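Undergrad:
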Amino acid sequence: MYPDPRVVDYVTRHFVPVRAHVKDNAAAFKALGDRFSAHWTPTTLIVDSTGAERHRIEGFLPTDDFLSQLMLGEAKAAFARQDYAAAERLYRDVMDRLPNTDAAAEAQYWTGVSRYRATNDASALKATAQAFVQRYADSTWAKKASVWA
Amino acid sequence: MMETEVTMANDITWGRDFDAALSSAKDKLVLLDFTAAPM
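Protein chains in written order, with our numbering: chain A, 1 to 149; chain B, 1001 to 1039.
1) In or out: T1004/B buried (at least 16 other Cβ within 10 Å) or exposed?
2) Out of R97/A, S146/A, D96/A and A80/A, point me to the one whose CA is closest to S114/A's CA.
3) Decide yes or no for the touch test of the segment 33-45 of chain A against the segment 8-17 of chain A: beta carbon pairs closer than 8 angstroms, at least 3 of them.
4) Look at the alpha carbon of A104/A and the alpha carbon of T50/A, and state the distance between them as a whole number of angstroms.
5) Let me check understanding here. Comparing Cα to Cα, which of L90/A, Y84/A and P5/A lies closest to G73/A?
6) Here's a check: name, in chain order, each residue in its chain whose Cβ is nearer than 8 angstroms to the Cβ of A1009/B, leaving out the five neighbours to either side.
7) Hey, would you say D1032/B sits closer than 9 angstroms to T44/A, going by beta carbons?
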């Protein structure tokens, strides 16, 4: 996935990348692995400036899926800092740009939650439940949203 | 380039010092990659 130029470009523009290699950087691999309970490779963490983990990607993913997970992590970070307008926009980006990934279904769920948090309007949740009837109906996220219908 | 940085053939410049990266990240997020891939 990293040799893919889209991933290289996205990572370079959006993140400060740090690598802990199991052999070539073994001390850091052990220390950071203990710190974040990361004991398998590949594991990729998205960490905010407070040092808090906001998203975790475990195992290999094809390019689109990996990119969508990076985008999901950015959206989760915005949600965590309670910037719900930004979170909604970032979650929607996942759905719009990479609609055929697993992350898109999760993003649809959290788009509704972000809008609800921003507006305190429960109709956002109901609309999200209805959206799952049309899209990603077989996903776990559709089940989770079903209580809002 | 700092000694703590590694440029891969694929052009991602990976830092090696997580806490330094965190300190310099400002409004960016840190991508921490645990890997066993050939360097």
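The beta carbon of each residue, even a glycine, is placed where N, CA and C say it ideally should be.
Keep in mind the model is a prediction, meaning the values are calculated, not measured.
TA: Reading from the atomic positions:
1) Any reading at T1004/B is ruled out, since the residue's pLDDT is 48, under 50, leaving its predicted position unreliable.
2) A80/A
3) no
4) 27 angstroms
5) L90/A
6) With a pLDDT of only 47 at A1009/B, under the threshold of 50, the placement of this residue in the model should not be trusted, and no figure is reported.
7) What sits at residue 1032/B in the sequence shown is Leu, not Asp. Yes; because the gap between Cβ atoms is below 9 angstroms, this pair is in contact.
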